[in-house]
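Peer 1: Just dropping this structure here.
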Amino acid sequence: MIRLNVTPIALAALFVGGAPALAQSPQSPSVTTLCLDVSGATLPVVCQMESSRLDRRDVFCHCPEGQRVDAPVCGPNEHPPAENLALYKARRIAGRDGSLIGDTFEGRRMCVDVRGR
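Residue numbers (my numbering): 18 to 134.
Next comes the structure, spelled out in structure tokens:
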């Protein structure tokens, strides 16, 4: 009897806790990888991807050159900051911890537009 009472609660907790993960589509990742030069400019990233045309998630990314950092992906109607020397300097400083998540430049998130991938 106890088992029947716990199961609905456990299932409800699973669905409530798993809702944000289910809401994200595999084609719209929320985080991507950048390679930063010592100046803060971006360098090419080498990624292995799923072998499916439908699932475009990155499996493993590495930087042949530069520092590897995680960066947020721009959302709908959101654009990355304009590439200029001031952004490079801010990105170099913000990327020292290995992540640009939560960092801003001129009031905008340091997000990356990955639609071209």
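Even for Gly, the Cβ is constructed at its ideal location relative to N, Cα and C.
Out of Cys128, Ser56, Ile118 and Gly119, which has the shortest C-alpha to C-alpha gap to Gln84?
Peer 2: That would be Ser56, whose Cα lies nearest to the Cα of Gln84.
Peer 1: Which of the three DSSP states is assigned to Ala58 in this structure?
Peer 2: Coil.
Peer 1: Kindly give me the distance between the Cβ atoms of Ala88 and Leu117, rounded to whole angstroms, as I take these residues to be in contact under 8 Å.
Peer 2: Yes, Ala88 and Leu117 are in contact; Cβ-Cβ is about 4 Å, under 8 Å.
Peer 1: For chain B, check one thing: does any of its Cβ atoms lie closer than 8 Å to the Cβ of Thr50?
Peer 2: Protein chain content of the structure displayed is limited to a single chain, and chain B is not contained in it.
Peer 1: Helix, strand or coil for Ala111, going by three-state DSSP, please let me know.
Peer 2: Three-state result, Ala111: helix.
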